[in-house]
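Enquirer:
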Amino acid sequence: MINFRYHVVSLTAVFLALAIGLVVGTAALNGPLSDALKNQVGSLTKQTQTYRDRITQLETETGKQEQFTQQAAPLMLNGKLAARRVLVVSTSQTAGSVAKVVDYLKMAGATVTGQVEVQDRFFDPASNSNLLDVSNGAVPPGLTGIPLNSNGVETASYLLAAGLVQHNPPLTTDAVRTVVTAFKEGNFIVPTGDLTVPAEAVAVVVGEPYADSAGDAKNNNVLTMAEWFSKAGPTVVATSGAGGTGNVIGAVRGDPKLSKTIATVDNVTTPDGQVCVPLALAEFLGTTKPGHYGVAGGSTAMLPKPPKTTPS
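Counting with the working numbering, you get residues 3 to 314 for the letters of the sequence shown.
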């Protein structure tokens, strides 16, 4: 029978073994193993500091590059869009990039006819019926070419493009105001500016692709909107990146037809991309050929090439 004394002896033996193990382990660590560990720690510490220094250097270089672009912008943009009228269309969550693009458009000499921020519900398939109702109620008398289907985004985009970009025959001022007011009151757009002077070119600034359960449909609707504006006038679509599911620039560049009718800039969240938007528009207006610029797949260069000059 196992008694209390047996338990005491067993526990004593266990603690004695632990004590011996600690002594032996400490002695081992105080020898060559300890030195090796200390050397490894020292090496890792130095390597980590090297990486930190490199990161700091890259951040500094990036900041300097952005400063260079901002300081060089007046020289690059001077007169590129003189006497041109440009409409700025954007999706939500792009206010910072939009503000910079507007600044650089004006720096290039463009008249920004207004801004239209298209709300998320405009692209939501759940809003299709409501969007169609608003569109049908805002159609100006005599306007032809309206898409004859049940796609609210197509109909609404056509109406906005017809009213805000030069159209033949031109819409009256009252008709344009009716269209803008209808979509504003329907909470589909947030307009800024007068918008009654028709633009001749369009800059579309798009945010990150939708990733919710209706994301595919919403992203397709963003592309549809951009396509209808491109049918009204030279259009540059600008966003961040060109890869990933639902990216509008990836869709444009991957489509043989759209890539020949819509210009793209894939780094609009950076000063380089923001400056490129007016340059891409100027090139498109001057050559009627859209370019694809930025740093992602499908881009041909960071910026458009300067136009060739004929020696006098």
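Built from N, CA and C at the ideal position, the CB exists for glycine as well. Note that the structure is predicted; figures quoted are calculated from it, not measured.
Below 8 Å, can you find three or more Cβ-Cβ pairs linking the stretch 270-281 to the stretch 253-260?
Expert: Touching, no, given that fewer than three Cβ pairs across the two stretches are closer than 8 Å.
Enquirer: Taking 7 Å as the limit between beta carbons, can you name the residues of its chain near residue 106, skipping five residues before and five after?
Expert: Here residue 106 is taken as the residue at index 104 of the sequence shown, counted from 1. Once the five neighbours on either side are set aside, the close Cβ partners of residue 106 are 75, 79, 276, 277, 279, 280.
Enquirer: Could you give the first and the last residue of the continuous alpha helix (DSSP H) run that contains residue 159?
Expert: Against the sequence shown, residue 159 aligns to sequence position 157. 154-166 is the span of the alpha helix (DSSP H), which, as asked, contains residue 159.
Enquirer: Relative to the C-alpha of residue 217, which residue among 109, 122, 180 is closest?
Expert: The residue given as residue 217 occupies position 215 in the sequence shown. Checking every option, the nearest Cα to that of residue 217 belongs to 122.
Enquirer: Look at residue 177 and residue 165 and say whether their C-beta atoms are less than 8 Å apart.
Expert: If you number the sequence shown from 1, residue 177 lands on position 175. If you number the sequence shown from 1, residue 165 lands on position 163. A contact, by the Cβ cut-off of 8 Å.
Enquirer: Does DSSP put residue 106 in a helix, in a strand, or in coil?
Expert: Taking the sequence shown and counting its residues from 1, the one referred to as residue 106 is at position 104. DSSP places residue 106 in helix when its eight states are reduced to three.
Enquirer: Could you check whether residue 286 and residue 224 sit closer than 8 Å to each other, using their CB atoms as the reference points?
Expert: Here residue 224 corresponds to residue number 222 of the sequence shown, with the count starting at 1. Here residue 286 corresponds to residue number 284 of the sequence shown, with the count starting at 1. It is not a contact, given that the beta carbons lie outside the stated cut-off.
Enquirer: Does residue 156 pass the burial test, meaning 16 or more other C-beta atoms within 10 Å, or should it be called exposed?
Expert: Position 154 of the sequence shown, counted from the start, is the residue given in the question as residue 156. By the 10 Å Cβ count, residue 156 comes out buried.
Enquirer: Would you call the stretch 293-305 in contact with the stretch 236-248, where contact means no fewer than 3 C-beta pairs closer than 8 Å?
Expert: In short, these stretches touch, since the Cβ pair count reaches three.
Enquirer: Rounded to a whole number of angstroms, what is the C-alpha to C-alpha distance between residue 196 and residue 88?
Expert: Taking the first residue of the sequence shown as 1, we reach residue 196 at position 194. Taking the first residue of the sequence shown as 1, we reach residue 88 at position 86. So the alpha carbons of these two residues sit roughly 13 Å apart.
Enquirer: So, residue 235 versus residue 204, is the Cβ gap smaller than 8 Å?
Expert: What you label residue 235 is simply residue 233 of the sequence shown in a count that begins at 1. What you label residue 204 is simply residue 202 of the sequence shown in a count that begins at 1. It is a contact, given that the beta carbons lie within the stated cut-off.
Enquirer: Helix, strand or coil: which one does DSSP assign to residue 242?
Expert: Indexing the sequence shown from 1 puts residue 242 at position 240. Strand.
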